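Undergrad:
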Amino acid sequence: LATTKQDFIRQIVREDVASGKHQAIKTRFPPEPNGYLHIGHAKAICLDFGIAREFGGECNLRLDDTNPVKEDPEYVRAIQEDVRWLGFEWHDLRHASDYFEVIYRAAEKLVRQGDAFVCDLSADEVRAYRGTLTEPGRNSPFRDRSVDENLDLLRRMRAGEFPDGARTLRAKIDMAAGNMNLRDPALYRIKHVEHQNTGMDWPIYPMYDFAHSLSDAVEGITHSLCTLEFEDHRPLYDWCVDKVDLANSKDLVQPLLDKGLPFEASKPRQIEFSRLNFNYLVMSKRKLMALVQAGLVDGWDDPRMPTLQGIRRRGYTPSALRLMVDRVGISKQNSLLDISILEGALRDDLDASASRRMAVIDPLKLVITNLDAGHEESLTFPNHPKDESAGVRTMPFSNELWIEREDFEEVPPKGFKRLIPGGEVRLRGAGIFRCDEVIKDGDKVVEIRGVLDPESRPGMAGADRKIKGTIHWVSARHALAAEIRLYDRLFNVADPDDDEGTGKTYTDHLNPDSRRTVTGYVEPAAAVASPEQSFQFERIGYFVADRHDHRSDAPVFNRSVTLRDTWTT
Ligand code: ATP
Ligand code: MG
Ligand code: MG
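For the record, in the sequence shown the residue sitting at position 406 is 425 according to UniProt numbering, with numbers rising by one throughout.
1) CB-CB under 7 Å to CYS245, same chain, minus the five flanking residues each way: which ones, in chain order?
2) Verify the contact flag: SER303, CB atom, against every heavy atom of ligand 1, threshold strictly below 8 Å.
3) Would you decide whether ALA199 is buried or exposed? Buried here means 16 or more other CB atoms lie within 10 Å of its CB.
4) By how many angstroms is the C-alpha of ALA378 removed from the C-alpha of GLU557?
5) For ALA63, verify whether its CB is less than 8 Å away from any heavy atom of ligand 1.
6) Have a look at THR588 and SER338 and give me their C-alpha separation to the nearest angstrom.
7) ASP83: beta carbon under 8 Å from a heavy atom of ligand 1?
8) Determine the extent of the alpha helix (DSSP H) in which MET308 is found, giving its start and end residues.
9) Quick check on the DSSP output: the beta strand (DSSP E) that includes ALA501 runs from which residue to which?
10) From VAL137 to ALA125, what does the alpha carbon distance come to, in whole angstroms?
11) Is there contact between the segment 341–356 and the segment 50–65, where contact requires at least three CB pairs shorter than 8 Å?
12) Given 8 Å as the limit, is there contact between the segment 570–582 and the segment 432–447, that is, 3 or more CB pairs closer than that?
13) Please specify which runs of the beta strand (DSSP E), each continuous and at least 3 residues long, are wholly inside the segment 240–320, giving them in chain order.
14) State the CB to CB distance for the pair PHE282 and ILE122, rounded to an integer number of angstroms; the pair is presumed to be in contact (CB under 8 Å).
15) Can you grab the Cα-Cα spacing for the pair VAL465 / TRP492, in whole Å?
16) Keeping to the same chain, check which residues put their C-beta closer than 8 Å to that of VAL411; ignore five residues upstream and five downstream.
17) For a quick check, are the C-beta atoms of THR538 and ALA564 less than 9 Å apart?
18) Just to confirm the assignment: which complete beta strand (DSSP E) runs, minimum length 3, are found wholly within the segment 435–491?
19) Tell me THR413's beta-bridge partners as DSSP assigns them.
20) Kindly provide the ranges of any beta strand (DSSP E) runs that are 3 or more residues long and lie completely inside the segment 152–224, ordered along the chain.
21) For a test of the three-state rule: what should DSSP assign to PRO87, helix, strand or coil?
22) Roughly how many angstroms separate the alpha carbons of ALA409 and ALA546, rounded to a whole number?
23) From ALA480, GLY461, ASP460 and ASP426, pick the residue whose C-alpha is nearest to that of CYS454; which is it?
24) With DSSP as the reference, label THR588 as helix, strand or coil.
25) Is there at least one non-hydrogen atom of ligand 1 closer than 8 Å to the beta-carbon of ASN53?
26) Does at least one heavy atom of ligand 1 sit under 8 Å from the Cβ of GLY69?
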């Protein structure tokens, strides 16, 4: 088989294939369309789709839309775009709501079997009856209703006769169970609310555990992978699958066959793995939503957001995310990972794939006095120092350049290796320059003048003369002014979620310097980038042409990540 990955989930799948337990592997990725996907979801996507691909199986994309109040078609569209962007394609696109009729019939079946009852307790009363971890719960006074009465009430719930919250359908399991999820959990609730897929068809909606387990069974899922918080739900998941027994109740799935949807009943196995969490980020959809709604970021795709739309705009590549997921691995140990793992994966990916360009983000004029005023020539540079196949580009060179302001110091600190008055520096690919004159406006240095050693051009005899520093430059007449957005971490503390005892919340820890915009200059071969093209701006960092705002005649670049980890805490 095409995978050498050894995590415990792939090991289970490998054994199930070897033993013949399954002829084919089937997984699903089941996001709720109540927000945009984030970096954490990338782990689940790579796992669900990756395992299907590696074992020659199939993976469905299923929108888990059982909570209509918070769901929206906008999210459904974005989720599809994000999954494809990460490099995966689903076998079938399904909605849990495709199965509402099946799930409802399953509920009637449970009632007829005596495995479910209609309960009139209010939400508060249900809570009071549930007991605690150390105390068993008490049976609902409605638990012994007859099958006929339950069936009648369930049908009237479905017909919309009762107001929101008036009744629930509950599984009849065990109010003394150690696992609270088994204390007669709700299977259906009444909610008169429009659904993004089914409109006003349903006044009742199935609860997560009931809908999810049956959706998996209907789709023939063999391995249902989810995060650790569902471990305690697994006994209920299995209870639902077993009691409904779809494989032996064709009448339940007739509505699917009528809709032309294939039906492949299975007994799916739920396996849990740890969530992906990074420091310096918050990753719950609720908190991300709050940042957007409070205007603390510029929408879901703000390049500082950990949404897939956000980091895409920031310049993260699908291959960098897949690399990060591989490096992190799969386990049952929840942990808060260091953000440098994420940033390091991007650096490694872009170091290999991104073309090099020159850009100056804090410009200082440099004039070469021993070249004619109109001097102009073309220099050739490789696109990638370690990859000849990336080809070359030409870069205009002239007597007036922009260099980085910090590459010149009038009063150099100890160890400073770049340009100083009277000193020499190598201009990358153009020769050795000596600073003869510093022009100032008050205290501010506004121009450097000096000569280029004519014997020091690359290829000439004097080119190898030992010079401590090399700096980058762009030709002032040819470079294009560019809007450069210098993004940094959105939060300035490692664990913005940790508000215990501090009286603070994550929004109190926003990094005020997480976005600075400057005007810099880029060489012409950077300006012509297509949106989303990434470059290494030599000596500065990795940048991407903004997906929406970049134009060749008005370039806009976002800093994706610095060249090295310079963050100090
Ligand atoms: P959130 O709590 O951030 O809103 P969620 O778990 O409610 O996320 P879903 O849309 O239900 O989001 O998630 C779809 C799938 O992605 C689930 O199987 C879930 O377990 C998985 N998933 C969500 N967050 C993470 C994460 N941080 N790491 C790994 N998998 C995740
Ligand atoms: Mg969820
Ligand atoms: Mg959630």
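The C-beta atom is built at its ideal place from N, Cα and C for all residues, glycine as well. Every value quoted in this text rests on a predicted model; they were computed, and no experiment measured them.
TA: In this structure, then:
1) The residue you call residue 245 lines up with position 226 of the sequence shown. Closer than 7 Å at the Cβ level, and outside the excluded window around CYS245, lie GLN289 and GLU291.
2) As a working note, residue 303 is residue 284 in the sequence shown. Yes, ligand 1 has a heavy atom inside 8 Å of this Cβ.
3) As a working mapping, residue 199 is identified with position 180 in the sequence shown. Just to set this straight, residue 199 is Met in the shown sequence, not Ala. The residue in question, MET199, is exposed, as its Cβ has fewer than 16 Cβ neighbours within 10 Å.
4) Within the sequence shown, numbered from 1, the residue matching residue 557 stands at position 538. Within the sequence shown, numbered from 1, the residue matching residue 378 stands at position 359. Their Cα atoms are separated by approximately 7 Å.
5) Residue numbering aside, residue 63 sits at position 44 when the sequence shown is read from its first letter. Taking the Cβ of ALA63 as the reference point, at least one heavy atom of ligand 1 falls within a distance shorter than 8 Å.
6) Your numbering for residue 588 matches position 569 in the sequence shown. Your numbering for residue 338 matches position 319 in the sequence shown. For THR588, the predicted model reports a pLDDT of 46, less than 50, meaning its position is unreliable; a value from the coordinates is still stated below. Computed Cα separation, rounded: 29 Å.
7) Within the sequence shown, residue 83 is the residue found at index 64, counting from 1. Because some heavy atom of ligand 1 lies under 8 Å away, the Cβ of ASP83 counts as near it: yes.
8) Position 289 of the sequence shown, counted from the first residue, corresponds to residue 308. Its alpha helix (DSSP H) spans residues 304–312.
9) In the sequence shown, the residue the question calls residue 501 occupies position 482. Where ALA501 is concerned, the enclosing beta strand (DSSP E) stretches over 499–506.
10) Mapped onto the sequence shown, residue 137 falls at position 118. Mapped onto the sequence shown, residue 125 falls at position 106. Note on geometry: alpha-carbon atoms of VAL137 and ALA125 lie some 14 Å from one another.
11) A contact exists between the segment 341–356 and the segment 50–65.
12) Result no; under three Cβ-Cβ pairs closer than 8 Å.
13) With a minimum length of 3 residues, the continuous beta strand (DSSP E) runs that stay inside the segment 240–320 are 242–246 and 288–292.
14) Locating residue 282 in the sequence shown gives position 263, where the first residue counts as 1. Locating residue 122 in the sequence shown gives position 103, where the first residue counts as 1. Between ILE122 and PHE282 the Cβ distance is about 14 Å, and since that is not below 8 Å, they are no contact.
15) Counting from one through the sequence shown, the residue named residue 465 turns up at place 446. Counting from one through the sequence shown, the residue named residue 492 turns up at place 473. Between the alpha carbons of VAL465 and TRP492 lies a distance of about 16 Å.
16) Translated into the one-based positions of the sequence shown, residue 411 becomes position 392. Result list for VAL411: THR399, PHE400, PRO401 and ASN402, in chain order.
17) Position 519 of the sequence shown, counted from the start, is the residue given in the question as residue 538. Position 545 of the sequence shown, counted from the start, is the residue given in the question as residue 564. No, the pair does not count as a contact, with Cβ atoms beyond the cut-off.
18) Correct list: 443–446, 450–460 and 463–471.
19) Taking the first residue of the sequence shown as position 1, residue 413 is located at position 394. According to the DSSP secondary-structure assignment, THR413 is paired through a beta bridge with THR399.
20) As far as the segment 152–224 is concerned, its whole beta strand (DSSP E) runs of at least 3 residues are 187–190 and 205–209.
21) Stepping through the sequence shown from its first residue, residue 87 is reached at position 68. It is helical.
22) Numbered from 1 along the sequence shown, position 390 holds the residue referred to as residue 409. Numbered from 1 along the sequence shown, position 527 holds the residue referred to as residue 546. If I take the Cα positions, the gap works out to 18 Å.
23) Locating residue 454 in the sequence shown gives position 435, where the first residue counts as 1. Looking only at ALA480, GLY461, ASP460 and ASP426, the smallest Cα-Cα distance to CYS454 is reached by ASP426.
24) Counting from one through the sequence shown, the residue named residue 588 turns up at place 569. Here THR588 scores only 46 on pLDDT, less than 50, and its place in the model should not be relied on; the value that follows carries that caveat. Coil at THR588, not helix or strand.
25) For the purposes of this step, residue 53 is identified with residue 34 of the sequence shown, where counting begins at 1. Correct: ASN53 has its Cβ closer than 8 Å to ligand 1.
26) The sequence position of residue 69 within the sequence shown is 50, counting from 1. If you check the C-beta of GLY69 against ligand 1, you find no heavy atom less than 8 Å away.
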